[in-house]
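Okay, so here's the structure we're looking at.
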Amino acid sequence: MGEYDGPGACGADRPFKVSAVGRHQKVPLNKSTDLNCPMVAAVDDWLERTVQPVAQAMFGQPVIGVEHMGTYSCRNIAGHRQMSEHAYMNAIDVSGFRLADGRTVRVKSGWRSADASEANFLRAVGGAACEQFTTVLGPGADAAHQDHLHFDLARHSKGRRVCRGGDEPVPDGGRMFSFFKDRSVETTGSIGTRDGDAGGGALEDGWYAEDEAAE
Ligand SMILES: [Zn+2]
Numbered sequence: 047m048g049e050y051d052g053p054g055a056c057g058a059d060r061p062f063k064v065s066a067v068g069r070h071q072k073v074p075l076n077k078s079t080d081l082n083c084p085m086v087a088a089v090d091d092w093l094e095r096t097v098q099p100v101a102q103a104m105f106g107q108p109v110i111g112v113e114h115m116g117t118y119s120c121r122n123i124a125g126h127r128q129m130s131e132h133a134y135m136n137a138i139d140v141s142g143f144r145l146a147d148g149r150t151v152r153v154k155s156g157w158r159s160a161d162a163s164e165a166n167f168l169r170a171v172g173g174a175a176c177e178q179f180t181t182v183l184g185p186g187a188d189a190a191h192q193d194h195l196h197f198d199l200a201r202h203s204k205g206r207r208v209c210r211g212g213d214e215p216v217p218d219g220g221r222m223f224s225f226f227k228d229r230s231v232e233t234t235g236s237i238g239t240r241d242g243d244a245g246g247g248a249l250e251d252g253w254y255a256e257d258e259a260a261e
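The sequence shown begins at 47 in our numbering and counts up by one.
So this is what it looks like as structure tokens:
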């Protein structure tokens, strides 16, 4: 594995090349990627303790694949001077879940889908993720998170967790999946950063359009 030669302060000491996630039952990622060690553990926990139980409860089948849009990018948070957690391989943007029957539930199409099971599933796995991660941003957070769930392990001031938009209410008064009932994590309307809170509310993402345009 060795050290990652990121420019400047970017990268992680001993990143893992990750091609599958989960603890006992590994499921493949759509593309392998680099994550730091704590993130590998957090993603594995999240998949096993949150995603798979919710998938079984809601769809009667397991998730057999996870789609992501990226983990590593040496950049600032869009429009801010703070480095993104993506610069430290301390974040992942999850965009979809492949079920055993071949169906894929995607954040982009499913979050506000008329199919309540997809909308609820995504809220359940997004909202509950604040047990494993210190930042969760979903489509309810801002325009930059309409097609993915951002998870990271940022060290927020005072040990806070920032959980924003991962459990936006279901449209049209739909019923929220009861998985949320016993959540005991703090949620907040503002976004913190590694070195304290950004005055303007620093947004993690919003870089894909640029990246894709450049390719
Ligand atoms: Zn992100």
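We put the CB at the ideal spot given by N, CA and C, even for glycine. Predicted model, so just to flag it, every value in this text is computed and none were measured.
Distance cut-off 7 Å: residue i Cβ against heavy atoms of ligand 1
i: His126; result: no
i: Asp139; result: yes
i: Glu250; result: yes
i: His114; result: no
i: His202; result: no
i: His196; result: yes
i: His70; result: no
Paired residues, beta bridge with residue i - DSSP
i: Lys204; result: Paired residue(s): none; Lys204 is not in a bridge.
i: Thr79; result: Val64
i: Thr180; result: DSSP output for Thr180 lists no bridge partner at all.
i: Arg210; result: Leu183
Run of the alpha helix (DSSP H) containing residue i, from where it starts to where it stops
i: Pro84; result: 83-92
i: Lys72; result: Premise fails: Lys72 is in no alpha helix (DSSP H) and is neither H nor E.
i: Gly125; result: Note, Gly125: premise wrong, no alpha helix (DSSP H); not H, not E.
i: Arg169; result: 162-173
i: Val97; result: Unbroken run through Val97: none, as it is neither H nor E.
i: Gly156; result: 153-156
Cβ-based burial, residue i [other Cβ within 10 Å; buried from 16]
i: Lys227; result: With a pLDDT of only 37 at Lys227, under 50, the local geometry of the prediction cannot be trusted, and the value read off the model is given with reservation. Exposed, by the Cβ-count rule.
i: Asp98; result: Going by the sequence as given, residue 98 is Gln instead of Asp. Gln98 should be labelled buried.
i: Pro84; result: exposed
i: Gly219; result: With a pLDDT of 48 at Gly219, under the threshold of 50, the modelled position of that residue is not reliable, and no figure is offered here.
i: Ser130; result: buried
i: Gly106; result: exposed
i: Gln178; result: buried
i: Asp161; result: exposed
i: Arg169; result: buried
i: Val153; result: buried
i: Ser230; result: Only weak support exists for where Ser230 lies, its pLDDT of 34 falling under 50; the value from the coordinates is given anyway. Per the 10 Å Cβ criterion, exposed.
i: Ser210; result: For clarity, residue 210 is Arg in the given sequence; the question names Ser instead. Its Cβ being crowded by 16 or more others within 10 Å, Arg210 is buried.
Cβ separation of residue i and residue j, assumed to be a contact under 8 Å, to the nearest whole Å
i: Ala133; j: Thr117; result: Actually they are not in contact, since the Cβ atoms of Ala133 and Thr117 sit about 10 Å apart, beyond 8 Å.
i: Val73; j: Val112; result: 6 Å
i: Leu199; j: His191; result: Between His191 and Leu199 the Cβ distance is about 17 Å, and since that is not below 8 Å, they are no contact.
i: Thr150; j: Arg158; result: Not quite, the Cβ-Cβ distance comes to about 16 Å (not below 8 Å), so this is no contact.
i: Trp92; j: Ala175; result: 5 Å
Range of the contiguous beta strand (DSSP E) that encloses residue i
i: Ser65; result: 62-67
i: Met115; result: 109-116
i: Ala137; result: 137-145
i: His196; result: 195-198
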